[in-house]
Amino acid sequence: PYSNTLHGKLPERNAPGFSASAHPSTRETARIERERQERERAQGGGSANPNSNPLSTITDEQRDEVNEAFTLFDVNQDSRIDYHEFKVALKALGFDLPKSEILSLLTTHGTPSSSAKTSPTPGKLQITLQAFQNIAAGLIAARDPRDEILRAFALFDVDDKGTISIDDLRRVSRELGEGLEEDELQAMIEEFDLEGKGGVSREEFVNICMG
Numbered sequence: 157p158y159s160n161t162l163h164g165k166l167p168e169r170n171a172p173g174f175s176a177s178a179h180p181s182t183r184e185t186a187r188i189e190r191e192r193q194e195r196e197r198a199q200g201g202g203s204a205n206p207n208s209n210p211l212s213t214i215t216d217e218q219r220d221e222v223n224e225a226f227t228l229f230d231v232n233q234d235s236r237i238d239y240h241e242f243k244v245a246l247k248a249l250g251f252d253l254p255k256s257e258i259l260s261l262l263t264t265h266g267t268p269s270s271s272a273k274t275s276p277t278p279g280k281l282q283i284t285l286q287a288f289q290n291i292a293a294g295l296i297a298a299r300d301p302r303d304e305i306l307r308a309f310a311l312f313d314v315d316d317k318g319t320i321s322i323d324d325l326r327r328v329s330r331e332l333g334e335g336l337e338e339d340e341l342q343a344m345i346e347e348f349d350l351e352g353k354g355g356v357s358r359e360e361f362v363n364i365c366m367g
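The opening residue of the sequence shown carries number 157 in this note's numbering; numbering runs sequentially from there.
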């Protein structure tokens, strides 16, 4: 339920917060995604199997975010993105992969541009919308839920003070157009502030979201 109000819109290309710290599990998730693709090729020779579709493992909202990220960086609107666009589109979804992993994904999933006259290097390959959906869905499905929750916490705690205060709730409520009353905001803090410190800590927030 927390995802409905925490994700909001994807950052603009030049937004100040766009250079958020790298997601801690990206190396492992990228490796898992590559191994999954290799297993599928070995077992089915690439044949379509709806039960193995990575998109079926994520929510409708997450699919919308994946499509929005691709559209945001498909500058020339040709349903293909190049190395740099691919890298920042994944970063917008919370996956700041190193160059070596981006190139590896391009080697596995990329296709030459229509204007390519010779066999291109991995860095010159392009990612189609379908390939991006499969890659991003695999990474999202393999992500640690706790890391996702902490990422959401950071959207509230923009000052990195370790707690969500009533001021943070007020700001997010205003940005999302929720229009919550002051007593409603205060009640939210009091309900989840188990230590009576006037704010919700990271661990309290994790416990709330994980039920």
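Even glycine gets a Cβ: it sits at the ideal position worked out from N, Cα and C.
Query raised in the report: Which class does S269 belong to by DSSP, given the choice of helix, strand or coil?
Result: To locate residue 269, count along the sequence shown from 1; it is residue 113. Residue state for S269 is assigned as coil, using DSSP reduced to three classes.
Query raised in the report: Which residue spans inside the region 205–244 form an unbroken alpha helix (DSSP H) run of at least 4?
Result: With a minimum length of 4 residues, the continuous alpha helix (DSSP H) runs that stay inside the region 205–244 are 216–229.
Query raised in the report: Where does the unbroken alpha helix (DSSP H) through S329 begin, and where does it stop?
Result: For this step, residue 329 is matched to residue 173 along the sequence shown. DSSP places S329 inside the alpha helix (DSSP H), whose first and last residues are 322–331.
Report task. Pair every Cβ in the region 282–295 with every Cβ in the region 214–222, then say whether three or more of these pairs are closer than 8 Å. Result -> Verdict: yes, contact present.
Query raised in the report: Which residues mark the beginning and the end of the alpha helix (DSSP H) in which G294 is found?
Result: Looking up residue 294 in the sequence shown gives position 138. Residues 285–297.
Report task. Compare the C-alpha of A298 against each of E359, S270, G250, Q233 and name the closest. Result -> In the sequence shown, counting from the first residue as 1, residue 298 sits at position 142. Here the closest residue by C-alpha is G250.
Requested in this report: Please look up how many angstroms separate the CB atoms of I345 and I322, rounded, as I've assumed it's under 8 Å.
Outcome: On the sequence shown, position 189 is the one that residue 345 refers to. On the sequence shown, position 166 is the one that residue 322 refers to. Yes, I345 and I322 are in contact; Cβ-Cβ is about 5 Å, under 8 Å.
Query raised in the report: According to DSSP, is H163 helix, strand or coil?
Result: As a first step, residue 163 is located in the sequence shown; it is residue number 7 there, counting from the start. At H163 the pLDDT is 43, less than 50, meaning the model places this residue with poor confidence; the figure from the coordinates comes in the next sentence. In the structure shown, H163 sits in coil (DSSP, three-state: anything other than H, G, I, E or B).
Query raised in the report: Tell me, which residues are paired with Q282 by DSSP?
Result: Here residue 282 corresponds to residue number 126 of the sequence shown, with the count starting at 1. Paired residue(s): T267.
Query raised in the report: Mind checking whether Q218 and I320 have CB atoms under 8 Å apart?
Result: For the purposes of this step, residue 218 is taken as residue 62 along the sequence shown, with counting starting at 1. For the purposes of this step, residue 320 is taken as residue 164 along the sequence shown, with counting starting at 1. No, the Cβ-Cβ distance between Q218 and I320 is not below 8 Å.
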